[in-house]
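As structure tokens, the structure follows; a few thoughts come after it.
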Amino acid sequence: MTFHLTATNRVYIYCSLLSIGGFLFAYNFNVMALVVIMPYFIDEIGKPSHLRGFSGTMALAAFLGSLVSGVLADRIGRKPLMAFASVIFLVGSVFQTGGDNAALVFCGRAVTGFCVGIYSMLVPLYQSEIAPKHLRGRLITIHQYAITLGIFCASWIVYGTIKIQNGSSWRLAMGLQMIPCLALLILIQLIPESPRYLMSCDYDTEALQVLAKIHGDGSVDHPDVCMEYVTILQSIRYERTFKNHGSYTRLFSKAPENNWQRLLLGILTQSFQQLTGINAILLFAPQILHSAGLSGIYPSIFANCISSTVNMLATIPAVFLIDRFGRRSSMVAGAFILCICLVLMAVLSLTAHFIYGGDYSSEAVTPPTNESGEFDQFRFRGVAKKESIAFISIQYLYLAVFAYTWGPLGWIYPSELYGQGVRAKALSITSGFSWLLNFAVSEFSTPMLLKIHGRSYIVFACCCAFIVLFVYFFFPETKGKSLEEIDLIFGSDIGYFEVNGHHHQTAAATLIHMERMQKKNASKYPFHLGKSGPILSSSNTIPETRSLAPCEDNGDILHPTSLLVKNSTRPSISTSVSSGSVTSSRQQHQFQDPTSTEIKGKQPFSAT
Numbered sequence: 001m002t003f004h005l006t007a008t009n010r011v012y013i014y015c016s017l018l019s020i021g022g023f024l025f026a027y028n029f030n031v032m033a034l035v036v037i038m039p040y041f042i043d044e045i046g047k048p049s050h051l052r053g054f055s056g057t058m059a060l061a062a063f064l065g066s067l068v069s070g071v072l073a074d075r076i077g078r079k080p081l082m083a084f085a086s087v088i089f090l091v092g093s094v095f096q097t098g099g100d101n102a103a104l105v106f107c108g109r110a111v112t113g114f115c116v117g118i119y120s121m122l123v124p125l126y127q128s129e130i131a132p133k134h135l136r137g138r139l140i141t142i143h144q145y146a147i148t149l150g151i152f153c154a155s156w157i158v159y160g161t162i163k164i165q166n167g168s169s170w171r172l173a174m175g176l177q178m179i180p181c182l183a184l185l186i187l188i189q190l191i192p193e194s195p196r197y198l199m200s201c202d203y204d205t206e207a208l209q210v211l212a213k214i215h216g217d218g219s220v221d222h223p224d225v226c227m228e229y230v231t232i233l234q235s236i237r238y239e240r241t242f243k244n245h246g247s248y249t250r251l252f253s254k255a256p257e258n259n260w261q262r263l264l265l266g267i268l269t270q271s272f273q274q275l276t277g278i279n280a281i282l283l284f285a286p287q288i289l290h291s292a293g294l295s296g297i298y299p300s301i302f303a304n305c306i307s308s309t310v311n312m313l314a315t316i317p318a319v320f321l322i323d324r325f326g327r328r329s330s331m332v333a334g335a336f337i338l339c340i341c342l343v344l345m346a347v348l349s350l351t352a353h354f355i356y357g358g359d360y361s362s363e364a365v366t367p368p369t370n371e372s373g374e375f376d377q378f379r380f381r382g383v384a385k386k387e388s389i390a391f392i393s394i395q396y397l398y399l400a401v402f403a404y405t406w407g408p409l410g411w412i413y414p415s416e417l418y419g420q421g422v423r424a425k426a427l428s429i430t431s432g433f434s435w436l437l438n439f440a441v442s443e444f445s446t447p448m449l450l451k452i453h454g455r456s457y458i459v460f461a462c463c464c465a466f467i468v469l470f471v472y473f474f475f476p477e478t479k480g481k482s483l484e485e486i487d488l489i490f491g492s493d494i495g496y497f498e499v500n501g502h503h504h505q506t507a508a509a510t511l512i513h514m515e516r517m518q519k520k521n522a523s524k525y526p527f528h529l530g531k532s533g534p535i536l537s538s539s540n541t542i543p544e545t546r547s548l549a550p551c552e553d554n555g556d557i558l559h560p561t562s563l564l565v566k567n568s569t570r571p572s573i574s575t576s577v578s579s580g581s582v583t584s585s586r587q588q589h590q591f592q593d594p595t596s597t598e599i600k601g602k603q604p605f606s607a608t
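FYI, in UniProt numbering the residues of the sequence shown are 1 to 608.
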């Protein structure tokens with residue numbers, strides 16, 4: 001009995017394997033936030049007060065890694081870049097684990113942070129490019145689940161290793177991150193390259209084989225494979241009619257693509273994710289929980305473990321339900337509930353007089369007390385038990401709501417906005433801004449907590465209120481649309497708030513726009529438009545026409561392999577079609593732009 005993987009199963013496996021990158025950057029981020037308060041780390045490396053900027057080092061390095069990842073992803077490919085980042089991450093982990101002074105640990109922190117920036121851009125980029133449109137949200141949410149799983153594992157591992165009475169307590173927690181990194185480096189060999197990237201580099205045959213795996217159960221004859229192939233092909237060839245199709249300047253173009261608007265939406269989405277205050281609450285959870293009445297390292301880290309557990313468990317239903325609701329509605333509802341939670345946390349914090357301040361000591365596992373025997377680091381004065389329980393419960397509710405909404409949507413939404421030619425570069429910028437905001441939040445949250453205490457939550461609550469209004473009025477819906485369809489909507493004259501992912505006329509509206517674009521830019525095409533046919537059946541209501549899929553003069557839709565055979569510009573690629581399979585052999589050659597070859601006797605495909 002042979003085990004057969006369906007196309008959907010393959011996509012799930014590929015996305016899950018690549019999500020190890022998300023696990024790595026979350027584990028690395030959280031383990032360092034906890035290790036710095038471990039007594040033996042303080043004895044060997046230094047007090048947190050002496051390591052100012054330690055948490056910010058990773059965020060700044062990740063910012064740089066994100067910025068360069070866009071160019072690298074387009075130059076060397078998605079898969080090779082992931083392998084490269086994993087090797088560098090291993091080197092950084094060695095410095096972090098084996099360092100015997102602050103300088104070496106700082107160096108390792110910066111190196112791993114650089115790779116974290118690459119992971120944060122590359123994983124959702126790849127997942128968005130191979131995911132079917134009806135599963136795209138779910139598959140990218142797997143990345144967010146891996147992030148929460150990394151935070152969960154880091155918290156509980158630190159809670160276990162802190163009991164070790166020597167330097168191995170923090171080095172073991174730090175060194176364990178090398179295991180999933182090695183696993184990713186090995187398993188990455190099982191993952192195919194992105195078909196959209198392959199086609200952008202003129203590897204059409206290889207792209208068709210990948211599409212057959214992830215959309216057609218291995219068959220290139222599958223209708224979904226044919227439609228996906230010609231849709232991507234048409235989109236890439238149209239993009240190449242622009243002189244700056246592969247440059248950063250295209251990101252700031254207005255009509256006809258409105259890339260500047262898409263870039264702004266992507267930046268705002270990931271910035272909003274940070275401005276909800278999530279990283280401030282996760283990063284400073286031990287200190288915040290101290291202020292609510294928990295004293296000692298063990299209780300505070302245990303409470304942090306519970307926080308990470310809630311965060312991880314609340315992400316599980318999001319994996320299965322994220323594609324049932326619209327992106328906009330989920331973001332608006334999530335920000336609204338987060339706003340309410342933050343207001344309640346502020347009220348409890350102020351009425352119960354939670355006090356934030358102090359530092360941890362290297363003298364003992366349990367932080368020392370003052371002369372009166374009171375806990376002297378994050379002091380707790382006159383807080384009723386019921387108020388402490390209420391505060392912590394609301395914090396857990398906050399984490400659960402974030403995990404279900406802005407956690408995954410902060411990655412999903414930006415990855416859906418851009419065309420193939422600029423997608424990697426745009427995501428590198430948006431994720432870079434996310435890390436820049438992460439740095440700002442981590443650096444300014446501490447002084448803000450020390451100076452205005454519970455009023456800090458009001459600041460983040462105001463941010464959430466602004467997010468509700470901005471998303472409602474300015475963010476278009478992207479759920480249920482292909483990447484090429486979203487590309488057309490942003491470049492069209494139709495209002496994208498009128499185009500709903502569930503509406504039966506969504507695809508028709510974008511096809512109408514494609515027809516108009518083709519006619520308007522006919523002089524730019526190296527191929528002719530050909531005959532037109534009716535866009536809709538008589539049961540629909542929009543009397544428009546569109547160009548048909550690539551077809552012969554008799555109107556029959558061509559199989560994509562016939563496009564490869566008849567129109568290939570690369571003599572090194574030879575194709576043979578037999579029993580629904582495509583084979584290729586590669587020789588030394590120079591790539592040619594497919595727009596340099598005229599397609600004779602065929603009509604261009606209008607994206608569906």
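Virtual Cβ for every residue (Gly too), placed ideally from N, Cα, C.
Only residues of its own chain outside the window of five on either side were considered, and among them 259, 260 have a CB closer than 7 Å to the CB of residue 253, listed in chain order. Judged by DSSP in its simplified three-state form, residue 259 adopts helix. In this model, residue 109 and residue 407 are separated by some 24 Å (Cα to Cα). Using a 10 angstroms sphere on the CB of residue 75, the tally of other CB atoms stays under 16, which defines it as exposed.
If you draw a straight line from the Cα of residue 338 to the Cα of residue 403, it comes to about 11 Å. Looking only at 414, 468, 463, 386, the smallest Cα-Cα distance to residue 479 is reached by 414. Your pair residue 69 and residue 118 checks out as a contact, with CB atoms roughly 4 Å apart and the cut at 8 Å. Per DSSP, residue 474 is one residue of the alpha helix (DSSP H) stretching across 456 to 474. Between residue 41 and the set 139, 134, 57, 167, the nearest pair of CA atoms involves 167. The three-state reading of DSSP puts residue 242 in coil, since its state is none of H, G, I, E or B.
Secondary structure of residue 477 (DSSP, three-state): coil.
Distance between residue 13 and residue 487, taken at the CA atoms: about 27 Å.
Taking C-alpha positions only, residue 467 is separated from residue 333 by approximately 10 Å. Check the Cα spacing between residue 441 and each of 241, 56, 24: the tightest is with 56. Non-local C-beta neighbours of residue 274 in its own chain, meaning closer than 7 Å and more than five positions away in sequence, comprise 434, 437, 438, 441, ordered along the chain.
Ranked by Cα distance from residue 299, the options 67, 78, 158 are led by 158. For residue 138, the three-state secondary structure derived from DSSP is helix. Burial is judged here by how many other beta carbons sit within 10 angstroms of a residue's own beta carbon; residue 179 has fewer than 16 and is exposed.
Scanning 212, 65, 279 for the CA closest to the CA of residue 444 turns up 279.
If you ignore the 5 residues before and after residue 272, its C-beta comes within less than 6 Å of the C-beta of 467, all in its own chain and listed in chain order. Under the three-pair Cβ rule at 8 Å, the segment 458 to 478 does not count as touching the segment 94 to 109. Shown here, residue 166 sits in coil according to DSSP, grouped into three states, outside any helix or strand. One alpha carbon belongs to residue 475, the other to residue 389, and they sit about 37 Å apart. A distance of 8 Å or more separates the beta carbons of residue 477 and residue 237.
In the displayed model, residue 453 falls within a helix according to three-state DSSP. One Cα belongs to residue 430, the other to residue 78, and the distance between them is close to 17 Å. Counted as a single uninterrupted DSSP element, the alpha helix (DSSP H) harbouring residue 214 occupies residues 204 to 215.
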